[in-house]
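Accompanying notes for the structure given below.
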Amino acid sequence: MAAAVVRDGRVLLVRRRHPPHAGRLALPGGKVAFGEPLDDAVLRELREETGLAGVSRGPLTALDILDRGEDGALRSHYVLVVMRVDADEGEAVAGDDAVSVHWLGRHDLAVAGGDVTDTTRALGRWLLAPGEAWT
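Numbering-wise, the UniProt record's numbering puts 81 at position 81 of the sequence shown, and it's gapless, one number per residue.
Structure below.
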């Protein structure tokens, strides 16, 4: 599961410390603990990775993430539930599984190349689309 946090026309991303996609930029998030409600999980992961507290506004979308090796063989299959989160106005700082935190605008996502996961780039463009209501 992942936290979709938008502030001032920019989306919050973390540089991942661990696989999958180690070293690349993605929405903050991670695994849901056994028995943990999604709202609790997304806020826990956001706090652990960025130091920010917030309020979950519920599911935004769900995506299949297929991780393939160099030979094309499927290594893992994740179902990513993206939760809309209103984060507090504090400063985001890297912690836990994050190497660094970044606020990227629409143009930043377009020019970031392979630094941003494909799924994150698509989600970010959608979240930051002109006229998109973030309410």
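Every residue, glycine too, gets a C-beta built ideally from N, C-alpha and C.
Distance between residue j and residue i (C-alpha atoms, nearest Å)
i	j	result
residue 140	residue 13	In this structure the chain extends from 1 to 135, so residue 140 is not present and cannot be described.
residue 29	residue 42	6 Å
residue 34	residue 25	26 Å
residue 133	residue 19	Summary for residue 133: the model assigns pLDDT 48, below 50, so the residue's position carries little reliability, and this model does not support an answer.
residue 39	residue 115	28 Å
residue 109	residue 36	32 Å
residue 75	residue 69	6 Å
Selection from the options that minimises the alpha carbon distance to residue i
i	options	result
residue 141	114, 113, 105 and 115	Since the first residue of the chain shown is 1 and the last is 135, residue 141 is not available in this structure.
residue 56	62, 82, 72 and 31	82
residue 62	46, 84, 51 and 47	84
Range covered by the alpha helix (DSSP H) that runs through residue i
i	result
residue 142	For the chain, the structure presents residues 1 to 135; residue 142 sits outside this window and is missing.
residue 122	118-127
Classification of residue i by the beta-carbon crowding that lies within 10 angstroms, buried from 16 upward
i	result
residue 73	exposed
* Asked: What residue ranges within the region 34-71 form continuous beta strand (DSSP E) runs of no fewer than 3 residues, ordered along the chain?
  -> Segments of the beta strand (DSSP E) lying fully in the region 34-71: 54-68.
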